[in-house]
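K.L.:
Please read through the structure below; I'll follow up with questions.
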Amino acid sequence: MTTSIIRAACPHDCPDTCALLVTVQDGVAVEVRGDPDHPTTAGALCTKVSRYTERTYHKERLLYPMKRVGKKGEGKFARISWDEALDTISDRLKGIAARDPQAILPYSYAGTMGLVQGESMAARFFHKLGASFLDRTICAKAGGVGYGYTIGAKIGTDMEQFQNAKLILIWGGNPIASNLHFWMRAQEAKRRGAKLIAIDPYRSLTAEKCHQHIALLPGTDAALALGMMHVLIKEGLLDQDYIAQHTLGFDLLKERANEWSPQRTAEICGISVDEVEQLAREYGATAMRGDAVAIRINYGLQRVHGGGMAVRNIACLPALVGAWRHAAGGIQLSSSDSFPKNAKALQRPDLLPPGPLPRTVNMSTIGDDLLRDASPDFGSKIEALIVYNSNPVAVAPESAKVAQGFAREDLFTVVLEHFQTDTADYADILLPATTQLEHVDVHATYGHLYMMANNAAIAPLGEAKPNTEIFRLLAARMGFADPCFTESDDAIAAQAFDKGDTRAIHFDWDSLKRKGWQKLNMPDAPFADGGFPTPSGKCEFYCERMKSDGLDPLPSYIAPYESLASNPQLGKKYPLAMISPPARNFLNSTFVNVQSLRDTEGEPHVDIHPIDAAERGIRSGEQVRIHNERGSFVATARVTDKARKGLVVGLSIWWKKFAADGKNANEVTSQRLTDMGRAPTFYDVLVQVEKVESRT
Ligand code: SF4
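Okay, so the sequence shown: first residue is 1297 according to the working numbering, each after it adds one.
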């Protein structure tokens, strides 16, 4: 028996991008574990990825190309050869492209975060074709834009520093489920005497383990940040020197914050005046003592109408108290802009046909857009959809419309997948893609500062192929002769980072592959001496770019589209707010079909407060229907005060096919977009809940 240990990286949409050690015996991966030597992984993996071999060798892995033989959505397929699959796809795409290549739309997101298997050969292919651009807004765009207005780029506190903070605000996230290695640092900080405060409408696993939990109403985080500014300014809990040297617009901010008394803030956020004042005092006073105060803000809070503004407001707080002076202070939303990714080399936008750029379709409104006819505003009707690294029928908002669009008989749909997901059921041609253990990749991350390599541990299973190879073969059939379409995955990976940038000066693909990981060359405290990557070089309390973009240039509050306060008429019919954050054992819609993980999650459920449940005659374990004007889904009620009164929580994202009624929480979410970044508003939803008398 031959045994080897292969260095790999977790590909999933998680900030931690763990370093993996894969044990391979006679060509079979028998164990996946965390690399104990990688500083952020520290030998620990989440439950999901420690079951990676169960997922890789799952009996339902797609192993051969297939064509649809049943109705769209029915999921009936017959095996075909790769030649037949590629010929069918290229013939259809050639025909459509001859009329208008923009009628072809790629649809992809973070099913793998790899720079090679994500958007390298695929992007080259669609650029050369002149297909529509996809605006990849579905997860993080609103917050990224809001953070960028204030800080300049997605750069922040290094995850490896958080254990040295004395106060950590965990704002809008549940790291035990979705940022485990940050949580390990936060726990270490707690052991060293730090206070942890969770700010989240839901008492998540993380909130339960923090010293304090502030359960504000969904979509009101921007107001809480303004109320904190009010108290900090009024009580002089400020680093005047840092403000004078490294910020822009303090006097204007002071006027704005003056409008946000703790009373007004508390009323909007649905919390007590005391909670607002104490939070601000604790934050300001800890910083004034010279201790590090840190905020780990996450993407949950930006999935509402004013989500961009909320992140922008919260990102102002560290500069007010001088928290950036400490390596362990400041704020982290994402570390992704720390990486000098060489997108031009990976994606080759120079391949685009001459003339005007193709139109852009927003992935968050795919439900409406698939149902649109050709028009001067929209352009061509979408005739072909190539889906990879994504499962839109389960994850995109207003799901009934998404499914209706995918069911169009005149739409040609190709899906690259590991499994027969809800989306795969609608494919005309279904192609088997390799998993992370079967291909090469290179990773930037959005939670730490290490460039990561993924070596192929095993040969592809069945006839599965890497995404890159599938697009290489399609490019050849389309007659794309540019040399970049024959580059190997290693050659692509070697171009991933810009070596001319001092941050990646030590990047060398061959040595990264051998070592597995390499830290960027970055200062410990990125903004201790200012130097923000904004046009002014300062933290912008006042932001001229926001004004030019038609936004309020100062921190402000944008109410949810759907809340009892902002839309009382709607609230009479649908009085409960609903959020659908990630279930611990799933990662978006990945892993839902891994039996051991689904067994742990049980069945789709909603958490509802005891008072709301009693008003509706609902008891734990009963089936309930959650509904609004967009649709409905059925789940099992869990009566618990983890959900504050007026809130229901449906942990997600379930595959529809595993639910009793074939639906999930996205039946009730809307396609309305955020204030910035044209992103979705998944957590800006009012619903009614009623008992289902008998199981459907
Ligand atoms: S999903 Fe996140 S925590 Fe789990 S192994 Fe991957 S990177 Fe690590």
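By construction, the Cβ of each residue, glycine as well, lies at the ideal position given by its N, Cα and C atoms.
Computed from a prediction, not measured in an experiment: that's the story for all the values here.
Considering Cα atoms alone, identify which of Leu1430, Leu1317, Thr1717 is closest to Ala1975.
P.N.:
Of Leu1430, Leu1317, Thr1717, the residue nearest in Cα terms is Leu1430.
K.L.:
Taking the runs of the alpha helix (DSSP H) that are 4 residues or longer, which of them lie wholly in the segment 1434 to 1507?
P.N.:
For the segment 1434 to 1507, whole alpha helix (DSSP H) runs of length 4 or above, ordered along the chain, are 1437 to 1447, 1471 to 1474, 1476 to 1487, 1501 to 1505.
K.L.:
Once you ignore the five residues that flank Ser1937 on each side, which residues in its own chain have a CB closer than 7 Å to its CB?
P.N.:
Per the sequence presented here, residue 1937 reads as Asp, with Ser not at that position. Cβ within range, chain order: His1905, Pro1906.
K.L.:
Tell me whether Thr1408 counts as near the ligand SF4, meaning its Cβ is closer than 7 Å to at least one heavy atom of that ligand.
P.N.:
Answer for Thr1408: no, Cβ out of range of the ligand SF4.
K.L.:
With DSSP collapsed to three states, give me the class of Arg1915.
P.N.:
Here Arg1915 sits in coil by DSSP.
K.L.:
Using beta-carbon positions only, say whether Ala1993 and Ala1933 come within less than 8 Å of one another.
P.N.:
Residue coverage of the chain in this structure runs from 1297 to 1992, which leaves residue 1993 outside it and unanswerable.
K.L.:
DSSP three-state label for Arg1991, please.
P.N.:
With a pLDDT of only 49 at Arg1991, under 50, the local geometry of the prediction cannot be trusted, and no value is derived from it.
K.L.:
Using alpha carbons as the reference points, say which of Tyr1722, Glu1713, Gly1452 lies closest to Arg1704.
P.N.:
Among Tyr1722, Glu1713, Gly1452, the Cα nearest to that of Arg1704 belongs to Tyr1722.
K.L.:
Give the secondary structure of Arg1841 by DSSP, where H, G and I count as helix, E and B as strand, and everything else as coil.
P.N.:
Arg1841: helix per DSSP, three-state reduction.
K.L.:
By the DSSP assignment, the beta strand (DSSP E) with Gly1626 in it spans what residues?
P.N.:
Counting along the chain, the beta strand (DSSP E) containing Gly1626 begins and ends at 1626 to 1628.
K.L.:
Can you tell me whether His1308 sits near the ligand SF4, meaning its C-beta is under 7 Å from at least one heavy atom of the ligand?
P.N.:
Indeed, a heavy atom of the ligand SF4 lies less than 7 Å from the Cβ.
K.L.:
Can the beta-carbon of Ala1427 be found less than 8 Å from the beta-carbon of Pro1851?
P.N.:
No, Cβ-Cβ distance for Ala1427 and Pro1851 is not below 8 Å.
K.L.:
Just verifying my parser: in three-state terms, what is the DSSP assignment at Tyr1403?
P.N.:
Strand at Tyr1403.
K.L.:
Looking at the strands, I want to know which residues DSSP matches up with Pro1878.
P.N.:
Answer is Ser1948, bridged to Pro1878.
K.L.:
Which whole-angstrom value is the C-beta distance of Val1589 and Gly1625, which I expect to be below 8 Å?
P.N.:
With a Cβ gap of about 6 Å, Val1589 and Gly1625 count as contacting.
K.L.:
Under a three-way DSSP split, which group does Ala1747 fall into?
P.N.:
The sequence given here has Met at residue 1747, not Ala. Met1747 falls in the strand class under three-state DSSP.
K.L.:
In the DSSP assignment, find the alpha helix (DSSP H) that holds Gln1541 and state where it starts and stops.
P.N.:
Segment 1536 to 1542, the alpha helix (DSSP H) holding Gln1541.
K.L.:
Return yes when at least one heavy atom of the ligand SF4 lies under 7 Å from the C-beta of Val1345, else no.
P.N.:
Answer for Val1345: yes, Cβ within range of the ligand SF4.
K.L.:
Beta-carbon within less than 7 Å of Asp1633's beta-carbon, same chain only, minus the 5 sequence neighbours each way: which residues are those?
P.N.:
Taken in chain order, the residues that qualify are Ala1449, Lys1450, Ile1451.
K.L.:
Classify Gly1651: buried if its beta carbon has 16 or more other beta carbons within 10 angstroms, exposed otherwise.
P.N.:
That one is exposed.
K.L.:
Would you kindly check if the distance between the Cβ of Met1842 and the Cβ of Ala1438 is under 8 Å?
P.N.:
Their beta carbons are not under 8 Å apart, which means Ala1438 does not touch Met1842 by this criterion.
K.L.:
On a Cα-Cα basis, can you pick out the residue from Ala1787, Ala1749, Ser1686 that is closest to Asp1331?
P.N.:
Per the Cα distances, Ala1749.
K.L.:
Give the C-beta separation of Ser1416 and Thr1764 to the nearest angstrom, bearing in mind that I take them to be a contact with Cβ-Cβ under 8 Å.
P.N.:
With a Cβ gap of about 6 Å, Ser1416 and Thr1764 count as contacting.
K.L.:
Using a 10 Å radius around the Cβ and a threshold of 16 neighbouring Cβ atoms, would you call Val1657 buried or exposed?
P.N.:
Label assigned to Val1657: buried.
K.L.:
Could you check where the beta strand (DSSP E) with Met1409 kicks off and where it finishes?
P.N.:
Met1409 -> no beta strand (DSSP E), and no H or E assigned at all.
K.L.:
Run through DSSP, which three-state label would Arg1768 get?
P.N.:
The answer is helix: DSSP assigns Arg1768 an H, G or I state.
K.L.:
Indicate the three-state DSSP secondary structure (helix, strand or coil) for Leu1893 in the structure shown.
P.N.:
If DSSP states are grouped into helix, strand and coil, Leu1893 belongs with the helices.
K.L.:
Under 8 Å, do Glu1858 and Leu1866 count as touching if we go by C-beta distance?
P.N.:
It is a contact, given that the beta carbons lie within the stated cut-off.
K.L.:
Pairing CB atoms from the segment 1596 to 1614 with CB atoms from the segment 1462 to 1474, are three or more of them under 8 Å?
P.N.:
Yes: the two stretches touch, three or more of their Cβ pairs being nearer than 8 Å.
K.L.:
Give, in chain order, every unbroken run of the beta strand (DSSP E) that is at least 3 residues long and sits entirely within the segment 1691 to 1742.
P.N.:
Within the segment 1691 to 1742, the complete beta strand (DSSP E) runs of at least 3 residues are 1708 to 1713, 1725 to 1728, 1737 to 1739.
K.L.:
So, using beta-carbon positions, are His1423 and Arg1644 closer together than 8 Å?
P.N.:
Yes, these two residues count as a Cβ contact at 8 Å.
K.L.:
So the candidates are Ala1680, Val1569, Gly1826, Asp1718; which of them puts its Cα closest to the Cα of Trp1620?
P.N.:
Checked all of Ala1680, Val1569, Gly1826, Asp1718; the closest Cα to Trp1620 is Gly1826.
K.L.:
Confirm, please, whether the CB-CB distance from Val1328 to Thr1349 is below 8 Å.
P.N.:
Contact flag set, yes.
K.L.:
Kindly indicate which residue of Ile1788, Ala1777, His1744 has the alpha-carbon position closest to the one of Arg1481.
P.N.:
The option with the nearest alpha carbon to Arg1481 is His1744.
K.L.:
Would you list the one or two residues that DSSP bridges to Cys1835?
P.N.:
BP columns for Cys1835 point to Thr1543.
K.L.:
Between the segment 1724 to 1737 and the segment 1691 to 1711, are three or more C-beta pairs nearer than 8 Å?
P.N.:
Counting Cβ pairs under 8 Å, three or more are found: they touch.
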